[in-house]
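Asks: Before I ask anything, here is the structure I am working with.
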Amino acid sequence: GNLGVNGPHQKYLHHPLRLYHADMDGNQVIDIVRSHYEEEIGAYVPDLQLGALARGIPVVSDHYTSYRVFGQQTVSQVFENLGATPSVLELNWPQTTLFLNHNGRFMAAPLPREAQWSTAAGVVAGDFDGDGHLDVFLAQNHFQFEGMTPRMDAGFGLMCLGTGKGDFKTLAHFQSGIQLTGEQRGAASGDWNRDGRLDLLVGQNNGVSHLFSNQAAEPGVMVRLKGANKNPWALGAQIRLLGDEGIHGPWQVIQTGAACGSQNGMLQILGSVRGANHIEVAWPDGRQSLHQIDRNRSTQTISID
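Quick note: the sequence shown uses this note's numbering, first residue 14, plus one each step.
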């Protein structure tokens with residue numbers, strides 16, 4: 014995820030935001046100064062006032078005792094006065110964005126405006142409504158700022174339903190049933206009750222975790238892969254449904270690590286494809302295989318051997 018465009022940085026987005034960083038006091042620790050472009054000065058200035066910055070970097074107060082003098086300084090002048098040469102990082106794209114792969118070339122497609130109302134720390138992809146198109150859930154909000162900066166808390170946790178055309182339709186909290194007011198971080202998907210619907214677990218900083226049981230989706234095909242001895246979960250494999258007239262669903266990847274240190278379930282839920290009759294598997298070793306769906310089994314278990 015990303016910052017979005019609804020935070021305290023919003024009014025400065027006419028220029029890239031910058032982080033200047035260097036060891037400002039010689040203690041072998043990198044210090045960071047957040048900055049924005051000030052039109053009146055024609056240069057980048059610190060985001061924080063003298064007192065707030067000095068609480069994190071005390072050496073600054075050794076060189077500046079006047080708020081007025083400090084308020085007239087550019088970031089470059091602050092580093093120069095402290096005898097430090099900074100490196101610079103820029104943020105010129107704050108939107109949370111989907112990158113579409115067009116024949117090996119990625120094209121940026123920002124998520125809908127509702128996705129930009131708050132930060133997104135955790136991102137989970139899966140077919141949450143069972144229509145055969147991948148959807149995205151965003152775990153939102155960020156509260157951990159210094160005292161001068163208001164917290165970003167406009168998100169309830171946002172479900173974005175994929176249309177299959179590279180864009181998304183967002184659901185309001187009263188439509189999705191997800192209404193979290195805390196600082197959401199880790200998020201993971203899985204079918205905890207084995208009903209063929211993808212459920213969602215969301216954790217919050219200094220708050221309780223919430224399990225959302227999916228009750229509205231069209232049940233999908235449940236698939237579990239068994240890999241080789243050194244890779245029993247078949248990590249890195251890709252699977253998809255095949256249907257009538259060459260129709261196929263999206264590839265889904267078996268992977269470790271998900272949103273913000275979380276882990277999705279290994280049981281895969283493949284959403285609806287018209288006339289679905291086979292499962293295609295691209296194994297981590299490069300092999301591919303095709304398997305007919307056994308309608309007499311609730312879970313399709315597929316082994317590499």
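Even glycine gets a Cβ: it sits at the ideal position worked out from N, Cα and C.
Which complete alpha helix (DSSP H) runs does the stretch 74-162 hold, if anything under 4 residues is left out?
Replies: Here the runs fully enclosed are 80-84, 88-94.
Asks: Put LEU303 into one of helix, strand or coil per three-state DSSP.
Replies: Here LEU303 sits in strand by DSSP.
Asks: Okay, do the stretch 235-253 and the stretch 163-170 touch, 3+ Cβ pairs below 8 Å being the bar?
Replies: No, because fewer than three Cβ pairs between the stretch 235-253 and the stretch 163-170 fall closer than 8 Å, the two stretches do not touch.
Asks: Quick one, which of GLY195, GLN313, LEU283 has its alpha-carbon nearest LEU211's?
Replies: The option with the nearest alpha carbon to LEU211 is LEU283.
Asks: Using the DSSP secondary-structure output, state which residues sit across from ASN218 in a beta bridge.
Replies: DSSP output for ASN218 lists GLU196 as bridge partner(s).
Asks: Using 8 Å as the Cβ pair cut-off and three pairs as the minimum, do the stretch 112-127 and the stretch 40-57 touch?
Replies: Result no; under three Cβ-Cβ pairs closer than 8 Å.
Asks: Find the nearest neighbour of TRP296 within the set TYR50, ASN290, ILE315, judged by alpha-carbon distance.
Replies: Ranking TYR50, ASN290, ILE315 by Cα distance to TRP296 puts ILE315 first.
Asks: Looking at the unbroken beta strand (DSSP E) that takes in HIS223, where does it start and where does it end?
Replies: Unbroken beta strand (DSSP E) run through HIS223: 223-225.
Asks: Can you give the beta carbon distance from MET235 to LEU171, rounded, assuming they're within the 8 Å contact cut?
Replies: About 26 Å; that fails the 8 Å criterion.
Asks: Helix, strand or coil: which one does DSSP assign to LYS182?
Replies: If DSSP states are grouped into helix, strand and coil, LYS182 belongs with the strands.
Asks: Once the 5 residues before and after GLU127 are set aside, which same chain residues still bring their CB inside 7 Å of it?
Replies: Hits under 7 Å: LEU171, THR183.
Asks: What did DSSP end up calling GLN23 once you bin it into helix, strand or coil?
Replies: GLN23: helix per DSSP, three-state reduction.
Asks: Kindly give me the distance between the Cβ atoms of LEU147 and ALA138, rounded to whole angstroms, as I take these residues to be in contact under 8 Å.
Replies: Sure, about 5 Å apart at Cβ, within 8 Å.
Asks: Which partner residues of VAL294 appear in the DSSP bridge assignment?
Replies: The partner list for VAL294 (beta bridge, DSSP) reads ILE252, SER302.
Asks: Near GLN217, what residues of its chain come up, given a Cβ to Cβ distance below 8 Å and the 5 sequence neighbours on each side ignored?
Replies: Excluding residues within five positions, the ones whose Cβ falls inside 8 Å are LEU193, GLY195, GLU196, GLN197, ARG198, HIS223.
Asks: Suppose you measure from the CA of PRO123 to the CA of GLU258; what does that come to, to the nearest Å?
Replies: About 32 Å.
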